[in-house]
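With the first letter of the first sequence counted as 1, position 21 gets the number 725 in our numbering; the numbers rise by one all the way through.
Worksheet: the structure to be examined is printed underneath.
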Amino acid sequence: MKIEYTLLKKEKNTEARRGKIKTNYGTFDTPMFMPVGTQASVKTLSPEELKECHSGIILANTYHLWLRPGEDVINHAGGLHQFMNWDGPILTDSGGFQVFSLAKPKDISEEGVHFKNIYNGDSLILTPEKSIEVQNKLDSDIAMSFDECVGFPHTRKYVEDSVERTIRWARRGKEAFHNDRQSLFGIVQGAEYEDLRKHCVEELVKMDFDGYSIGGTAVGEPKDLQYKQVEYSCKYLPKDKVRYLMGVGDPIDIVENTIRGVDIFDCVAPTRLARHGHFYTMQGKKNIKNSQYKEDFTPIEEACDCYCCKHYTKAYIHHLIKCEETFGQRLLSIHNIRFLTRLTEDLRKAIENDTILEYREQFIKNYYEK
RNA sequence: GCGCCGUUGGUGAAGUGGUUAACACGCUAGUUUGUGGCACUAGUAUGCGUGAGUUCGAUUCUCACACGACGCC
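Given below as structure tokens:
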């Protein structure tokens, strides 16, 4: 079956939404934070540890799994869930972000995007059809359309042409799509131009996707522009379909964009930052390597219920991270992901109580003014 | 006791008669947004064993002393 999104409640004063998503691998609440497991693994964490972080869904990447081990290997294993021993929902990115991070403009053609295989130097082309074929074989619960994620800054003309191509690619991908157990999302592009975002949404809605993603954010643009891009997208998206904001996961951005109507977030930040010693607290982001933690025998956060905070001290984690022990990276990854899922739990409560604006005010006060 | 070699930041060390003493590690901070994981950026000896001398100028040359390694009695 396809995913089923249920809108449970809209917050009284904002666009924030409380909902739930039913998949073949369980149901999860929205708003929700989704950890990133590019290569069929959320770096340093086991599926059991991820479960304890209360992640409702995880993300894996088409581009990387296409190159290694190859979609057929995973298909022969019985699909991504079986391959990686994760029995919760999985969303796969299409490779569209790698168009932004790896390809140059000259590598992009109407047919698709030309890449060099980093493992053996082969010339490769990723097309909308190929991306969908790979994702069909990976058998994730939610697949993404192949899009072009445009960087910042850019010219209006470039974005105009790019949006049209992304729409054509979305149509080609939808026609190539064959998997009854999987859902497919369209991706809204158009940078900071409201008319282009509106146009993109209208064209995608005509194709009737199972849900919609907001792309082209978190690519170096100022925060206020990011929030506008989300507003210009959510304003035109159908209320009865889920909305996923791609690549955004800074705590304040999760709060701000939930208020603007986003249901799902993903970001590499909690795990990447953890590997470099940073951790989130309600009083802001901190660095465990700082010498002040050398003999601090208290947990990362007293109020946190994660495995890391229940059993380990800052002094111990300070030591582990300075020694580059992977256990330290793992403990902070657990904490950071749990921090973000707790944040979305708070936001869900605030939506139910119609108090999300008060929550934002308090959150900003604690997070930034200390 | 004699001979010989050596002594440069927290560590390993490079180097020069003349503006900011290389590099690495460590240390101190910072950055990271649909991940080409474990990277990048910045700061970190007003100082070259101690004292005296030569010189316009010494960490660099000379002498004495201290400390250390090696060899000989």
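In this text, a Cβ means the ideal position worked out from N, Cα and C, and glycines have one as well.
| Check | Outcome |
| --- | --- |
| Between the segment 1006-1023 and the segment 771-778, are three or more C-beta pairs nearer than 8 Å? | no |
| On the CB-based measure, 16 or more other CB atoms within 10 Å of its CB, does G723 come out buried or exposed? | buried |
| Using the DSSP secondary-structure output, state which residues sit across from K891 in a beta bridge. | Sequence check: residue 891 is Ile here, not Lys. Answer is S917. |
| For E708, is the classification buried or exposed, using 16 other Cβ atoms within 10 angstroms of its Cβ as the cut-off for buried? | exposed |
| Which class does T859 belong to by DSSP, given the choice of helix, strand or coil? | coil |
| If you measure between the beta carbons of V909 and V934, is that distance less than 8 Å? | no |
| Helix, strand or coil: how does DSSP classify D733 here? | strand |
| Alpha carbon to alpha carbon, how far is E999 from T796? Give it in angstroms, no decimals. | 42 Å |
| Compare the C-alpha of V803 against each of V817, P793, K810 and S813 and name the closest. | V817 |
| Select from R964, C938, K939 and D970 the residue whose C-alpha is nearest the C-alpha of G951. | D970 |
| Grab the span of the beta strand (DSSP E) containing K726 for me, first residue to last. | R721 to T727 |
| Provide the residue span of the alpha helix (DSSP H) that contains S937, from first to last. | K927 to C938 |
| Please report the straight-line C-alpha distance between T1017 and I1025, rounded to a whole angstrom. | 12 Å |
| What's the C-alpha gap between D954 and V854? | 20 Å |
| Who pairs with S827 in a beta bridge, going by DSSP? | K820 |
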